[in-house]
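One point on numbering: in my numbering, the residue at position 24 of the sequence shown is 174, and numbering is uninterrupted. We put the beta carbon where it would ideally sit given N, CA and C, even for glycine. Bear in mind that the values here come from a model prediction, so they are computed numbers and not experimental data.
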Amino acid sequence: MTEEIRKEEFKIDGTELLKKVKEIIKEGDARRIIIDHEGKTLLEVPLTVGVAGVTALAVFAPTLVAIGAIAGLITRCTLIVEKVERAE
151 MTEEIRKEEF KIDGTELLKK VKEIIKEGDA RRIIIDHEGK TLLEVPLTVG VAGVTALAVF
211 APTLVAIGAI AGLITRCTLI VEKVERAE
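Below you can see the structure in the form of structure tokens.
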């Protein structure tokens, strides 16, 4: 079985950032989240494999607070989500 990492990019407003990150965490299939602003990485968060849903939100609560603070300071950013595709 091989793994391939796929990246998705979302150009979003700072006000939408926290909502989108919570949505991605709940889905549970992301490996890493990167918040980029004007070509500079502001935050890179590795996500634990196997933690999804409400449990994941509790585990990542401190990270969500940091993301909320970033969202209050920026107007536009790029949210990069790394997901693992498993092929047999």
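When the Cα atoms are used, E154 and I174 turn out to be separated by approximately 18 Å. Per DSSP, the continuous alpha helix (DSSP H) segment holding E177 begins and ends at G164 to E177. By the neighbour-count criterion, in which a residue is buried when 16 or more other Cβ atoms sit within 10 angstroms of its Cβ, F210 is buried.
If you ignore the 5 residues before and after A180, its C-beta comes within less than 7 Å of the C-beta of I174, L197, V231, E232 and K233, all in its own chain and listed in chain order.
Shown here, T228 sits in a strand according to DSSP, grouped into three states. Secondary structure of L197 (DSSP, three-state): coil. Of the candidates E159, K176, D186 and T152, the residue whose Cα lies closest to the Cα of T225 is D186. Each of D163, T152, E158 and L214 was checked against the Cα of L193, and the nearest Cα belongs to L214.
A direct Cα-to-Cα measurement between D163 and E235 gives close to 28 Å.
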